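Have a look at the structure below, then the notes.
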Amino acid sequence: MTVDANRHEHIQQICAATARALTGVPELHFRDGVLHRGAHAVHAPAPHLRTHDDHDDLGSFRGAADGLALRLLHSDTATHLRARPDDEIGRLVFELLEQFRVESLADAHHAGTIANLRHRHEAWSAQFHASGMTETGTGLLLFTVAQVGRARVTAQPVVHATEDVLEATRFGLAPLIGGDLRQLRSLRHDQEAYAEPAGRIAVTIAELAAAQQSNGPAPRGGGRGRGTDWFSVALSEHDLEAHGSDTPRTGGTDPAGATPYAAFTRAFDREISVASLTRRDQLVEYRHHLDELVEQTGVDVRWVARLLQNVADTTQETGWNHAQEEGVIDAGRLSRLVTSASDPRVFRTPRHEPHPELQVTILLDCSGSMRQHQERTAVIVDLLARGMDLAGIDNELLGFTTATWNGGRAMRAWRRAGRPPRPGRLNERLHLLVKDQSLTWSKARHQIAGLLRPDFYREALDGEAIEWAVRRLQARADIARRVLLVFSDGSAMDGATTQANGPSYLDRHLVSVLDEVTATGAVAVTGIGMGADLGHHYPHAHTVDPDAAVDRQLLRELVGVLAEASHRRRAW
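The sequence shown begins at 242 in my numbering and counts up one residue at a time.
Take a look at the structure:
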């Protein structure tokens, strides 16, 4: 599962990069398999643009991404919506023909893009045929239009394996739509002119499908209307109405969908160090246990530091090295040419010293479900923090949880106020300072071990925690690159808040915060999923196998994630 999640994230990054290159739109990125333009989803009404992790290969993902990019590049939404038929099947056919039009406009010099688009069409065609949908009357009708329509517009042949399936239906359609089909390719550079024959084809096919379903014989191999199921995946009313207008993505729908995020009261919120909440003798005991766990990994922290040094390999000129045997003439030592003619040390060279251009914050989800990962997480962040100190990288470790279960004093305050509707967050927020940026690892080592304390792990207000961590990172104006790594195992969750505001209230806030941080570009955020795929919330995410040992391979993997985030931030 973890390998698949990381593969999916890698594919999304590749596809987003090609989409940005094709369109010139820098804010394009994939999240949970959906292309986004900033905070807004780019809808894909044409069914062959929908891919699936369980049976699609890299070529299909690339082809779908290229198709979406060409749709953004060559299709005007207002023109498209004005010409689109009202009937469901008519709209579907019109969407397909418009998508085929933009795909036919791929630059002839971009052979890879054209190959990807063809590969995706062939893969989708094979999947559709194998599903049995071509055994229904309506399914075969729509499938035939998809095949001959693309062949006409792109001047590429129909998929060879489907030719026999199409022949009879294609022959029957020729006198009805053949004239309009022949016009499509010559009009493909003019969207408005192209829409006229495309619209007539769509209306004709819709009428044929309606007549077939109401008056014709029972569909072969399935119940009435079964043939439209595969196509209609992309045809929800929301998708059709929002197509091209980029609808904001939310974490879901709930009764408080339009309510902005807020806290009912902040009177009980705390930001406090782990040391202030834990007895010294407990911290010493936890540290002893954590040292044993770290030793069992066999990982040399100096090796981790060398990896990290490559990520933050920047230097700054801080002065001069004098009395050198080569370099630039040092005017202050020219007199030595007279007094000590044999001494060649009259040059100077620039002195370069490491400069902390990178600052990293590790933010730890201390929710109840993370307790199962607490030892592994503590070992990982302990090695990373110590390695970053040795590599000269500014870093701090933060945690987030709640002070109690089920709302505590915040919930009681809401009840005393008469339980007003949609109260916002209803719990006592607890932000933990595990290792402050000003502390070295040696001074914070006992606090880091405090992560082993089991009763820290309660509930999670992820959005607020990320806002807090980002504010702390931005306080350092002299740092050029800022990276936030969030170790978590899933969605934001607080029982009291969810019950009072709806199931998606916290998730929507998390998505909103991540979109805002990503849009500003001030901090590069990556979600590190502990046995969970965080891609449905984080634009950039990586999954850690819950069964993998903490060893060199895992540390190298995480340093690679940090390096990617660091370079992403530098590119902004």
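Think of the CB as a built atom: it goes at the ideal place given N, C-alpha and C, for glycine as much as any other residue. Given the structure is predicted, the values throughout are model-derived calculations rather than measurements.
Member of the options whose CA lies at the smallest distance from the CA of residue i
i      : options                           : result
Arg713 : His293, His672, Val275 and Leu333 : His672
Leu311 : Ala508, His401 and Gly265         : Gly265
Trp682 : Gly665, Ile634 and Arg650         : Ile634
Val540 : Pro416, His277, Arg797 and Gly279 : Arg797
Gly691 : Phe384, Asp431, Cys256 and His530 : His530
Leu381 : Pro780, His362, Ile720 and Ile446 : Ile446
Gly378 : Ala450, Leu803, Arg723 and Glu567 : Ala450
Leu751 : Ala701, Phe505, Lys676 and Arg391 : Ala701
Pro662 : Ala349, Leu680, Ala632 and Thr738 : Thr738
Ala716 : Val764, Trp655, Val754 and Leu755 : Val764
Leu299 : Gly279, Thr318, Leu337 and Ala257 : Ala257
Glu696 : Thr759, Tyr779 and Leu518         : According to the sequence displayed, residue 696 carries Asp and not Glu. Out of Thr759, Tyr779 and Leu518, Leu518 has the C-alpha closest to the C-alpha of Asp696.
Met771 : Ala806, Ser608 and Trp655         : Ser608
Tyr527 : Arg507, Gln615 and Ala504         : Gln615
Glu669 : Met652, Gln678, Gly659 and Lys684 : Met652
Thr645 : Leu680, Trp561, Tyr698 and Ala654 : Tyr698
Asp606 : Glu408, His270, Gln688 and Gly731 : Gly731
Asn636 : Gly419, Asp522 and Val601         : Val601
Leu263 : Thr292, Gln254, His249 and Leu309 : Leu309
Phe509 : Thr318, Gly648, His781 and Arg686 : Gly648
Gln740 : Trp655, Asp677 and Val791         : Trp655
Ser301 : Arg359, Glu250, Arg261 and Leu346 : Arg359
Val394 : Gln523, Arg793, Asp431 and Arg507 : Asp431
Gln684 : Val525, Arg650, Val791 and Glu805 : The sequence shown places Lys at residue 684, rather than the Gln named in the question. Closest by alpha carbon: Val525.
Arg627 : Arg547, Glu433 and Glu705         : Arg547
As assigned by DSSP and simplified to three states, the class of residue i
i      : result
Phe509 : coil
Gln432 : helix
Ile603 : strand
Glu700 : coil
Gln565 : strand
Val283 : coil
Asp748 : helix
Gly772 : coil
Ala504 : strand
Thr491 : Because the pLDDT at Thr491 is just 35, under 50, the model does not fix this residue reliably, and the point stays unresolved.
Gly640 : strand
Arg570 : A quick correction: the sequence has Ile, not Arg, at residue 570. DSSP places Ile570 in strand when its eight states are reduced to three.
His777 : coil
Ala475 : Bear in mind that the predicted position of Ala475 carries a pLDDT of just 37, short of 50, making it unreliable; the figure below should be weighed with that in mind. DSSP places Ala475 in helix when its eight states are reduced to three.
Ser732 : coil
Leu298 : It is Asp, not Leu, that sits at residue 298 in the sequence shown. Looking at Asp298 - three-state DSSP - the assignment turns out to be coil, as it is neither helix nor strand.
His289 : helix
Ala352 : helix
Arg666 : strand
Arg722 : strand
Ala685 : helix
Trp709 : helix
Ala451 : helix
Asp623 : helix
Leu383 : helix
Gly462 : Because the pLDDT at Gly462 is just 34, under 50, the model does not fix this residue reliably, and the value given afterwards should be weighed accordingly. Residue state, collapsed to three classes: coil.
Residues that DSSP places opposite residue i in a beta bridge
i      : result
Thr259 : Paired residue(s): none; Thr259 is not in a bridge.
Thr377 : Note: Thr377 sits in no beta bridge, so no partner.
Phe271 : Leu276
Ser514 : Leu674
Val727 : Leu604 and Gly768
Tyr560 : Contrary to the premise, residue 560 reads as Gly rather than Tyr in this sequence. Looking at the DSSP assignment, Gly560 forms a beta bridge with Arg592.
Asp635 : Gln600
Ala782 : Gly768
Sub-8 Å separation of residue i and residue j beta-carbons
i      : j      : result
Glu339 : Ala439 : yes
Arg429 : Tyr435 : yes
Val283 : His277 : yes
Asp756 : Ala733 : no
Leu333 : Ile621 : no
Ile513 : Leu674 : yes
Gly390 : Phe341 : yes
Thr385 : Asp307 : no
Leu667 : Val542 : no
Ser427 : Thr403 : no
Arg592 : Trp561 : yes
Val826 : Ile707 : Because the chain in this structure spans residues 242 to 813, residue 826 falls outside the shown range and cannot be described.
Residue-chain proximity (residue i, chain C), Cβ-Cβ < 8 Å
i      : result
Leu638 : Among the chains in the structure shown there is no chain C, since it carries only a single protein chain.
Rounded Cβ spacing between residue i and residue j (contact assumed at less than 8 Å)
i      : j      : result
Pro286 : Ala443 : Their Cβ separation, rounded to whole angstroms, is 13 Å, which puts Pro286 and Ala443 out of contact at 8 Å.
Leu604 : Leu725 : 6 Å
Ser729 : Asp703 : 7 Å
Leu625 : Ala553 : Incorrect: roughly 13 Å between the Cβ atoms, too far for contact.
Ile769 : His778 : No, Ile769 and His778 are not in contact; Cβ-Cβ is about 12 Å, not under 8 Å.
Gly665 : Ala503 : 4 Å
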